[in-house]
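Single-structure report; data block below.
There are 2 protein chains.
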Amino acid sequence: MSALPINRAELEQIVRKVVYERVLTNVRGPAPTLVVHASARHAHLSREHLDQLFGPGYELTVDRELYQPGNFAAKETVTLIGPRSRLISNLRILGPLRNRSQVELAFTDAVSLGFENVPVRLSGDIDGTPGCFIMGPRGMAELKEGVIRAAIHVHMNPSEAAYYGVKHRDLMKLRVGGDAGLTFNRVHVRVDPTVRLNVHMDTDEANACGLHLAKEIELFRVGE
Amino acid sequence: MSALPINRAELEQIVRKVVYERVLTNVRGPAPTLVVHASARHAHLSREHLDQLFGPGYELTVDRELYQPGNFAAKETVTLIGPRSRLISNLRILGPLRNRSQVELAFTDAVSLGFENVPVRLSGDIDGTPGCFIMGPRGMAELKEGVIRAAIHVHMNPSEAAYYGVKHRDLMKLRVGGDAGLTFNRVHVRVDPTVRLNVHMDTDEANACGLHLAKEIELFRVGE
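Note that the protein sequences, when read in sequence, are chains A and B. Going by the numbering used here, the first sequence opens with residue 1, and the numbers climb by one from there. Going by the numbering used here, the second sequence opens with residue 1001, and the numbers climb by one from there.
Set out below in structure tokens:
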């Protein structure tokens, strides 16, 4: 045995590691189905702003249910007016209504509108972000703040979080293969019992990695 | 010595590795200055197409020298007409002229123009790529092929390639830190004695990683 280029302690350590990983794989069970979506620019509106834009008591019309239960793309769109009088028309509203209005743009959109400092934020975290004007068929609304570029994030339920060994607010990585292969190093984990496993990136990110062509996509814990 | 949890052979191996790395660092010398640029959509033209668009024998006017010696953004622009009669005006021409015309678009541009299958290619590698029409002040030119999304790449001279331990046509990785941190996993190495160390990415890639905000950028060999 002394001719082996490894000692007993090391050998035992390697065997333990292999056995442990095999056990872990069995515990983890099959990987949950990973769905990745590119979110085009859109707006979430408060009741107050919807009233100003579409008239008092107006209700959004569902155009298409989204992947996450209860969320939908509305038939209604608005016009977004940026800081240098440039605008984007047909900005889609996503429902349901929220407590605070919020506009999510890719940097490409932000640049074309003349916004200079749109920050990367998680949805809802809009304190101190730029504002904008929105025009609807019945009036104009001013958002004092709420224009963000949404940080790439992954929705998952607690059992999916357990599978990956992560918790709410952790960061994960997403590797996208293909000709334009890249790895997103800061994918924010959002755990909620009502959701389905789903990565949301914006159109810049989807276009950078060629998401429409990508075949190999892998979500993993930082450090793995 | 028998109480140490490591044997002599391993110890020697580790010492050799540490010493070797220290020597290598000294041999490598200081890191060359890494400059990363985002290339907006643009066209390279052949003599034949320039003649068709601007008149026989026309010469491009230098608007701005680019970072790579001899390359320039021309004052002249053209209109690019996509497959569904959508167009982009003011498409910048980059000089000097080339043997074959080529249009480089980000996927965002390609989608807005109605192109469906723009491939990711290295500059010049345009066989079998989509074509387009280009309109200039004196006429229209048809490119039978040449519309690509340029693959992210790094220009370097041979001594910079030696510093990184890479050669022409290798792939490297580029890690961009910050809120939208990501790693480009397939950065193509282009070695040429006349160039300066310089990564070229397109506007989708720059917007995805928030290049305008990024402070920490690192180019490294695959496997490091």
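Idealized CB from N, CA, C, for every residue including glycine.
Secondary structure, beta strand (DSSP E): runs of 3+ residues fully inside the segment 1100–1166 of chain B: 1102–1104, 1132–1136, 1139–1143, 1147–1150, 1153–1156
Which residues in the same chain as glutamate 218 of chain A place their Cβ atom closer than 6 angstroms to its Cβ, once the five residues preceding and following it in sequence are excluded? Here the question's residue 218 of chain A lines up with position 218 in the first sequence. Closer than 6 angstroms at the Cβ level, and outside the excluded window around glutamate 218 of chain A, lie Arg175.
Residue-level contact to chain B via CB, phenylalanine 184 of chain A, 8 angstroms cutoff: For the purposes of this step, residue 184 of chain A is taken as residue 184 along the first sequence, with counting starting at 1. Yes, phenylalanine 184 of chain A lies at the interface with chain B (some Cβ there is under 8 angstroms from its Cβ).
Would a C-beta distance cut-off of 8 angstroms place leucine 105 of chain A and alanine 73 of chain A closer than the cut-off? Position 105 of the first sequence, counting from 1, holds the residue named residue 105 of chain A. Position 73 of the first sequence, counting from 1, holds the residue named residue 73 of chain A. No; because the gap between Cβ atoms is not below 8 angstroms, this pair is not in contact.
Inspect the CB distances between the segment 29–37 of chain A and the segment 83–102 of chain A and report whether three or more fall short of 8 angstroms. no
Buried or exposed: glutamate 205 of chain A, going by 16 or more other Cβ atoms within 10 Å of its Cβ? In the first sequence, the residue the question calls residue 205 of chain A occupies position 205. Glutamate 205 of chain A comes out buried.
Where does threonine 61 of chain A sit, in a helix, a strand or coil, going by DSSP? In the first sequence, counting from the first residue as 1, residue 61 of chain A sits at position 61. Of the three classes helix, strand and coil, the one that applies to threonine 61 of chain A here is coil, per DSSP.
Short check: CB of arginine 1149 of chain B to CB of proline 1130 of chain B, under 8 angstroms? Counting from one through the second sequence, the residue named residue 1149 of chain B turns up at place 149. Counting from one through the second sequence, the residue named residue 1130 of chain B turns up at place 130. No, these two residues do not count as a Cβ contact at 8 angstroms.
Glycine 136 of chain A vs phenylalanine 54 of chain A beta-carbon contact at 8 angstroms: Numbered from its first residue, the first sequence carries residue 136 of chain A at position 136. Numbered from its first residue, the first sequence carries residue 54 of chain A at position 54. Yes, they are a contact pair.
Contact criterion: CB-CB distance below 8 angstroms. Does methionine 1 of chain A meet it with respect to chain B? Counting from 1 along the first sequence, the entry for residue 1 of chain A is found at position 1. Its pLDDT being 42, under 50, methionine 1 of chain A is placed unreliably in this model, and the value from its coordinates should be taken loosely. No, methionine 1 of chain A does not count as interfacial toward chain B.
Where does leucine 1182 of chain B sit, in a helix, a strand or coil, going by DSSP? On the second sequence, position 182 is the one that residue 1182 of chain B refers to. Leucine 1182 of chain B falls in the strand class under three-state DSSP.
Let me confirm a value: methionine 1 of chain A is counted as buried when at least 16 other C-beta atoms fall within 10 Å, else exposed. Which label applies? Reading the first sequence from its first residue, position 1 is the one you call residue 1 of chain A. The predicted position of methionine 1 of chain A is uncertain, since its pLDDT is 42 and thus under 50; no value can be drawn from it.
If we cut at 8 angstroms on Cβ distances, does glycine 1210 of chain B have a partner in chain A? Numbered from 1 along the second sequence, position 210 holds the residue referred to as residue 1210 of chain B. At least one chain A Cβ lies under 8 angstroms of glycine 1210 of chain B.
Is the beta carbon of valine 1191 of chain B sitting closer than 8 angstroms to the one on valine 1199 of chain B? Within the second sequence, residue 1191 of chain B is the residue found at index 191, counting from 1. Within the second sequence, residue 1199 of chain B is the residue found at index 199, counting from 1. No; because the gap between Cβ atoms is not below 8 angstroms, this pair is not in contact.
Is it the case that the Cβ atoms of threonine 46 of chain A and leucine 97 of chain A are separated by a distance below 8 angstroms? Position 46 of the first sequence, counting from 1, holds the residue named residue 46 of chain A. Position 97 of the first sequence, counting from 1, holds the residue named residue 97 of chain A. The sequence shown places serine at residue 46 of chain A, rather than the threonine named in the question. Cβ atoms of serine 46 of chain A and leucine 97 of chain A: closer than 8 angstroms.
Would you say phenylalanine 1107 of chain B faces chain A, with C-beta separation under 8 angstroms as the test? On the second sequence, residue 1107 of chain B is found 107 positions in, with the first residue counted as 1. Yes - at least one Cβ of chain A is within 8 angstroms of the one on phenylalanine 1107 of chain B.
Where arginine 1047 of chain B falls: helix, strand or coil (DSSP): For this step, residue 1047 of chain B is matched to residue 47 along the second sequence. Note: arginine 1047 of chain B maps to helix in three-state DSSP.
Taking only beta-carbon positions, decide if glycine 181 of chain A is within less than 8 angstroms of chain B. As a position in the first sequence, residue 181 of chain A is number 181, starting the count at 1. With 8 angstroms as the cut-off, glycine 181 of chain A counts as an interface residue toward chain B.
Assign histidine 1212 of chain B to one of two classes, buried (16 or more other C-beta atoms within 10 Å of its C-beta) or exposed (fewer than that). Along the second sequence, one-based indexing puts residue 1212 of chain B at 212. With fewer than 16 Cβ atoms within 10 Å of its Cβ, histidine 1212 of chain B is classed as exposed.
With a threshold of 8 angstroms between beta-carbons, can threonine 1203 of chain B be considered close to chain A, or not? Within the second sequence, numbered from 1, the residue matching residue 1203 of chain B stands at position 203. Taking Cβ atoms only, chain A reaches closer than 8 angstroms to threonine 1203 of chain B, which makes this a yes.
Is the Cβ-Cβ distance between asparagine 1207 of chain B and threonine 183 of chain A less than 8 angstroms? By 1-based counting over the second sequence, the position of residue 1207 of chain B is 207. By 1-based counting over the first sequence, the position of residue 183 of chain A is 183. Against a cut-off of 8 angstroms, the Cβ pair of threonine 183 of chain A and asparagine 1207 of chain B comes out as no contact.
Do you know how far the Cα of leucine 143 of chain A is from the Cα of asparagine 117 of chain A? Locating residue 117 of chain A in the first sequence gives position 117, where the first residue counts as 1. Locating residue 143 of chain A in the first sequence gives position 143, where the first residue counts as 1. The alpha-carbon atoms of asparagine 117 of chain A and leucine 143 of chain A are separated by roughly 16 angstroms.
Which term fits lysine 1173 of chain B, buried or exposed, when burial requires 16 or more other beta carbons within 10 angstroms of its beta carbon? As a position in the second sequence, residue 1173 of chain B is number 173, starting the count at 1. By the 10 Å Cβ count, lysine 1173 of chain B comes out buried.
Let's test the definition: count the other Cβ atoms within 10 Å of the Cβ of threonine 108 of chain A and tell me whether it reaches 16, buried, or not, exposed. The residue you call residue 108 of chain A lines up with position 108 of the first sequence. So threonine 108 of chain A ends up on the buried side.
Using a Cβ-Cβ cut-off of 8 angstroms (strictly less than) and excluding sequence neighbours within five positions of glycine 178 of chain A, which residues of its own chain qualify? Locating residue 178 of chain A in the first sequence gives position 178, counting from the first residue. Excluding sequence neighbours, glycine 178 of chain A sits near Cys209, Gly210, Leu213, Ala214, Lys215, Glu216.
Less than 8 angstroms between the beta carbons of arginine 951 of chain B and glycine 1165 of chain B, yes or no? With chain B represented from 1001 up to 1224, any question about residue 951 of chain B goes unanswered, as that position is not in the structure.
Whole angstroms are fine: how far does the CA of valine 147 of chain A sit from the CA of methionine 140 of chain A? By one-based count along the first sequence, residue 140 of chain A stands at place 140. By one-based count along the first sequence, residue 147 of chain A stands at place 147. Cα-Cα distance, rounded: 16 angstroms.
Near arginine 64 of chain A, which residues of its chain fall below 6 angstroms by C-beta distance, leaving aside the five closest residues on each side in sequence? The residue labelled residue 64 of chain A in the question sits at position 64 within the first sequence. Cβ neighbours of arginine 64 of chain A beyond the five flanking positions: Ala73.
Check the DSSP bridge columns for phenylalanine 220 of chain A and list the partner residues they point to. Residue mapping note: residue 220 of chain A aligns to position 220 of the first sequence, counting from 1. In DSSP, phenylalanine 220 of chain A forms a bridge with A:Lys173.
Give, in chain order, every residue of the segment 1141–1175 of chain B whose Cβ lies closer than 7 angstroms to some Cβ of chain A. Ala1151
Can you tell me whether DSSP reads threonine 1194 of chain B as helix, strand or coil? Position 194 of the second sequence, counted from the first residue, corresponds to residue 1194 of chain B. Coil at threonine 1194 of chain B, not helix or strand.
Which residue's Cα is closest to the Cα of glutamine 102 of chain A: A:Asn157, A:Val62, A:Gln68, A:Leu50? On the first sequence, residue 102 of chain A is found 102 positions in, with the first residue counted as 1. Ranking the options by Cα distance to glutamine 102 of chain A, first place goes to A:Leu50.
Report back the beta-carbon spacing between leucine 1060 of chain B and threonine 1079 of chain B to the nearest angstrom; my notes put them in contact at under 8 angstroms. Counting from one through the second sequence, the residue named residue 1060 of chain B turns up at place 60. Counting from one through the second sequence, the residue named residue 1079 of chain B turns up at place 79. Actually they do not touch by this definition, with Cβ atoms about 17 angstroms apart.
Histidine 155 of chain A to proline 1193 of chain B, Cα distance in whole Å? As a working note, residue 155 of chain A is residue 155 in the first sequence. As a working note, residue 1193 of chain B is residue 193 in the second sequence. In a straight line, the C-alpha of histidine 155 of chain A is about 48 angstroms away from that of proline 1193 of chain B.
Contact set between the segment 98–124 of chain A and chain B, restricted to residues whose Cβ is under 7 angstroms from the partner: Ala106, Phe107, Thr108, Val120
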